[in-house]
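Colleague: Pasting in a structure now, in structure tokens, and then I'll have a few things to ask.
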Amino acid sequence: MLNGKNILITGGTGSFGKKFLEMIFKRYNPNKVIIYSRDEYKQSVMKTEYADKVDMSKVRFFIGDVRDKDRLFRAFENVDYVIHAAAMKQVPTCEYNPMEAVKTNIHGAQNVIDAALDRNVKRVVALSTDKAVNPINLYGGTKLVSDKLFIAANAYTGYKDTRFSVVRYGNVAGSRGSVIPIWNKIIDDGGKVLGVTDMRMTRFWITLEQGVELVFKALEESKGGETYISKIPSFHIGDLAKAMKEDCEINEFGIREGEKLHEVMVTKDDSWTTYEYAKHYIIYPHYEWADLQRDILPGGKKVEEGFEYSSGTNREWLTVEQLRSALKSI
155 MLNGKNILIT
165 GGTGSFGKKF
175 LEMIFKRYNP
185 NKVIIYSRDE
195 YKQSVMKTEY
205 ADKVDMSKVR
215 FFIGDVRDKD
225 RLFRAFENVD
235 YVIHAAAMKQ
245 VPTCEYNPME
255 AVKTNIHGAQ
265 NVIDAALDRN
275 VKRVVALSTD
285 KAVNPINLYG
295 GTKLVSDKLF
305 IAANAYTGYK
315 DTRFSVVRYG
325 NVAGSRGSVI
335 PIWNKIIDDG
345 GKVLGVTDMR
355 MTRFWITLEQ
365 GVELVFKALE
375 ESKGGETYIS
385 KIPSFHIGDL
395 AKAMKEDCEI
405 NEFGIREGEK
415 LHEVMVTKDD
425 SWTTYEYAKH
435 YIIYPHYEWA
445 DLQRDILPGG
455 KKVEEGFEYS
465 SGTNREWLTV
475 EQLRSALKSI
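Using our numbering, read the sequence shown as starting at 155 and increasing by one per residue.
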């Protein structure tokens, strides 16, 4: 599918972009992969880090911001596939700098859409987050708008072959901003006390590899407007702490502003157009322009009315031992 194609990743120097670059060269033979981001230092580090891991003759590094529509228009020339991973993601930062979050996460999303339509990009996959579901913080609110923009963009493709879809997942295990590297540093420094906001908290467990796999799937089969969600296990935050340090002391300091007890990927109201597949769910678009009878992908089964996919009520759970084993691969 991606053999001989030109692929661009916005925010490409992040955790996802690095794993995507690694995996795409293992599975496909792309013509060119463009890393589009605004941080020249991170690009320089990434060039060095991957010099011996991938075919760097096929990798290009573009300095640019998704806020800059003209730069996107230039970068998207002859691009076949776009993965939109660029965003302001830190909840406290977005709360304190709300207009900056809007400029990047909402205006930037619209710029990516416009550039993709004007440059006849074939497929665009936008990365989303559980925080966009029933959002209670500004980051989640901006990502909800972003998701809606990408899905609705399919109504504007006309005769073009451009299709837009969304891939949604929560905090990736071991990625920047997740609790694992924070706790690892405490443990490496000889600490025994791990801070937990609330012992009732649950989360989904997804690896970067699983996230990239789902994006590959969306690029391969999307007809436009789908939201893809991986079927993955849940864990209790206290169990993760015990898996990382068996004799740890837990300091429960209270839930933070904008934080949820559980991650929700599919709401009860989404159940009307949600289908379950072997390894994932798909929420299909519920718009006048969407033809569900035509666009439902084979192999899926419609979920029951009122179905909700939440880390707190999930069917599959990781034990402390399973978490300890999973941590070895991070």
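We put the beta carbon where it would ideally sit given N, CA and C, even for glycine.
If residue 334 sits next to residue 484, beta carbons under 8 Å apart, how far is it from one beta carbon to the other, in whole angstroms?
Modeller: Position 180 of the sequence shown, counted from the start, is the residue given in the question as residue 334. Position 330 of the sequence shown, counted from the start, is the residue given in the question as residue 484. At roughly 6 Å, the Cβ-Cβ gap stays under 8 Å, so residue 334 and residue 484 are in contact.
Colleague: Counting only the same chain and skipping the five closest in sequence on each side, list residues whose C-beta sits under 6 Å from that of residue 280.
Modeller: Counted from its first residue, the sequence shown places residue 280 at position 126. The answer, listed in chain order, is 238, 304, 320.
Colleague: Taking only runs that begin and end inside the stretch 287-327, name each unbroken beta strand (DSSP E) of 3 or more residues, in chain order.
Modeller: With a minimum length of 3 residues, the continuous beta strand (DSSP E) runs that stay inside the stretch 287-327 are 317-323.
Colleague: What are the start and end residues of each continuous alpha helix (DSSP H) run of 4 or more residues lying completely inside the stretch 338-385, in chain order?
Modeller: Listed in chain order, they are 362-375.
Colleague: Please work out which residues of its chain come closer than 6 Å, Cβ to Cβ, to residue 107, disregarding the five sequence neighbours upstream and downstream, and give them in chain order.
Modeller: Any property of residue 107 remains undetermined from this structure, which presents the chain solely from 155 to 484.
Colleague: In whole angstroms, what is the alpha-carbon distance linking residue 423 and residue 253?
Modeller: Here residue 423 refers to the residue found at position 269 of the sequence shown. Here residue 253 refers to the residue found at position 99 of the sequence shown. Taking the straight line joining both Cα atoms gives about 29 Å.
Colleague: Within a Cβ cutoff of 8 Å, which residues of the same chain sit near residue 340, ignoring the five residues on either side of it in sequence?
Modeller: In the sequence shown, the residue the question calls residue 340 occupies position 186. The residues are 347, 348.
Colleague: Closer than 8 Å is the cut-off here; do at least three beta carbon pairs connect the stretch 160-170 with the stretch 225-245?
Modeller: Yes: the two stretches touch, three or more of their Cβ pairs being nearer than 8 Å.
Colleague: I'd like the list of long-range same chain contacts for residue 250, defined as Cβ closer than 6 Å, with 5 residues on each side in sequence excluded.
Modeller: Along the sequence shown, read from residue 1 onward, the residue named residue 250 stands at position 96. Around residue 250: no qualifying Cβ.
Colleague: Roughly how many angstroms separate the alpha carbons of residue 174 and residue 414, rounded to a whole number?
Modeller: Walking along the sequence shown from the start, residue 174 turns up at place 20. Walking along the sequence shown from the start, residue 414 turns up at place 260. Their backbone Cα atoms lie some 28 Å apart in a straight line.
Colleague: In the structure shown, what three-state DSSP assignment does residue 409 receive?
Modeller: Residue mapping note: residue 409 aligns to position 255 of the sequence shown, counting from 1. Three-state DSSP puts residue 409 in coil, outside helix and strand.
Colleague: As a quick exercise: from 275, 255, 219, pick the residue whose alpha carbon is nearest that of residue 233.
Modeller: Stepping through the sequence shown from its first residue, residue 233 is reached at position 79. Here the closest residue by C-alpha is 275.
Colleague: At which residues does the alpha helix (DSSP H) containing residue 169 begin and terminate?
Modeller: What you label residue 169 is simply residue 15 of the sequence shown in a count that begins at 1. Taken as a continuous stretch (DSSP letters only), the alpha helix (DSSP H) holding residue 169 covers 169-181.
Colleague: Roughly how many angstroms lie between the CA atoms of residue 392 and residue 211, to the nearest whole one?
Modeller: Taking the first residue of the sequence shown as position 1, residue 392 is located at position 238. Taking the first residue of the sequence shown as position 1, residue 211 is located at position 57. Cα to Cα, residue 392 sits roughly 45 Å from residue 211.
Colleague: Does the stretch 261-268 come close enough to the stretch 177-196 that 3 or more CB-CB pairs lie under 8 Å?
Modeller: Contact between the stretch 177-196 and the stretch 261-268 is absent, because fewer than three Cβ pairs lie under 8 Å.
Colleague: Do residue 356 and residue 326 have their CB atoms nearer than 8 Å?
Modeller: Stepping through the sequence shown from its first residue, residue 356 is reached at position 202. Stepping through the sequence shown from its first residue, residue 326 is reached at position 172. It is not a contact, given that the beta carbons lie outside the stated cut-off.
Colleague: What is the C-beta distance between residue 323 and residue 376, in whole angstroms, given that I count them as a contact (C-beta under 8 Å)?
Modeller: Position 169 of the sequence shown, counted from the start, is the residue given in the question as residue 323. Position 222 of the sequence shown, counted from the start, is the residue given in the question as residue 376. At roughly 16 Å, the Cβ-Cβ gap does not stay under 8 Å, so residue 323 and residue 376 are not in contact.
Colleague: When you compare the CB positions of residue 256 and residue 293, do they come within less than 8 Å of one another, or not?
Modeller: For this step, residue 256 is matched to residue 102 along the sequence shown. For this step, residue 293 is matched to residue 139 along the sequence shown. Not closer than 8 Å, so no.
Colleague: Rounded to whole angstroms, how far is the Cβ of residue 189 from the Cβ of residue 161, which I believe are closer than 8 Å?
Modeller: The sequence position of residue 189 within the sequence shown is 35, counting from 1. The sequence position of residue 161 within the sequence shown is 7, counting from 1. About 10 Å separates the two Cβ atoms, so there is no contact after all.
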